[in-house]
Amino acid sequence: MPSPSSESSDACLPSGRGRAARPRVTLVVARARNGVIGADGGLPWHLPEDLKHFRALTTGHSIVMGRRTWESIGRALPGRRSIVVSRDAQRHFAGAEHASSLDEAIEIAGQAGSDPSIATDEVFVIGGAQLFAAALPIAERAVATEIDRDYEGDTLFDALDPQAWSVVERREHCAADGTPFSIVDYRRLPQASVSPRTTDA
Ligand SMILES: NC(=O)c1ccc[n+]([C@@H]2O[C@H](COP(=O)([O-])OP(=O)(O)OC[C@H]3O[C@@H](n4cnc5c(N)ncnc54)[C@H](OP(=O)(O)O)[C@@H]3O)[C@@H](O)[C@H]2O)c1
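The numbering of the sequence shown is my numbering, which starts it at 2 and goes up by one.
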């Protein structure tokens with residue numbers, strides 16, 4: 002006959018044991034007014050102000066990207082833990098870690114790596130369109146650079162649904178070349194479902 006303590010052992014685990022917390026998933030996207038985010042494997046604009054914002058936001062965190070975005074960046078970005086999602090298990094990404102699915106990438110980001118200064122409580126999914134599509138249902142936060150111009154391109158990202166996302170902060174900017182853009186911090190509304198952030202360890 003089981004003792005009372007063994008019957009309720011799961012409920013009595015000290016916090017942090019038995020279930021591993023998953024990091025908050027945040028999308029980081031730069032989007033033109035007409036929805037374009039990419040052209041010919043790269044970005045259709047040169048906006049140093051946005052790159053500076055991107056660096057400040059993501060430094061000290063894991064960044065997760067699709068294989069094509071990795072190829073367009075061409076190197077691991079300093080001060081961040083780079084995780085590249087590709088179904089090709091044979092691929093090697095110098096200075097980055099490989100994950101065969103978004104779920105595996107988030108799992109990796111939630112565990113301490115070789116650099117203890119990298120936070121494990123929030124992971125930034127930085128594109129491209131394929132990876133954004135996979136991450137959108139589980140993201141709780143999105144930081145969008147909304148460029149107030151149309152660009153030609155071949156890679157698109159839909160505007161966030163106002164029924165599912167609220168704006169917590171909007172900062173308006175004007176780039177040195179006169180391009181107007183806003184940096185908008187979104188949170189998923191509570192009633193909009195997010196997949197569980199915990200998994201059995
Ligand atoms: N404006 C922005 O914010 C922004 C941000 C990032 C990128 N971009 C632009 O977007 C374009 C690239 O976007 P993209 O959609 O073509 O490519 P992508 O999402 O960067 O990469 C696609 C590749 O990633 C892997 N992948 C994606 N989703 C996966 C999943 N759920 N599970 C497993 N593997 C997955 C696959 O790699 P394998 O084929 O190796 O299996 C797939 O072919 C470029 O023009 C880039 O400059 C723009």
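Beta carbons are placed, not taken as given, at the ideal position from N, Cα and C, and that holds for glycine. Predicted model, so just to flag it, every value in this text is computed and none were measured.
- Among the bridge pairs identified by DSSP, H174 is matched with F182.
- Within the model, the alpha-carbon separation for L78 versus D149 is close to 27 Å.
- Closer than 7 Å to some heavy atom of ligand 1: that does not describe the Cβ of A97.
- When the alpha-carbon of S118 is set against those of V26, L28, P191, T60, the nearest one is in T60.
- In terms of CA proximity to F55, A31 leads the group A31, A136, G36.
- Taking one beta carbon from each stretch, the region 136-145 and the region 27-41 have 3 or more pairs nearer than 8 Å; the two touch.
- S83 counts as buried, since at least 16 other C-beta atoms from the protein chains shown sit within 10 angstroms of its C-beta.
- Per DSSP, the unbroken beta strand (DSSP E) holding T146 starts and ends at 142-148.
- The beta-carbon separation of G129 and T146, rounded to 14 Å, does not stay under the 8 Å limit for a contact.
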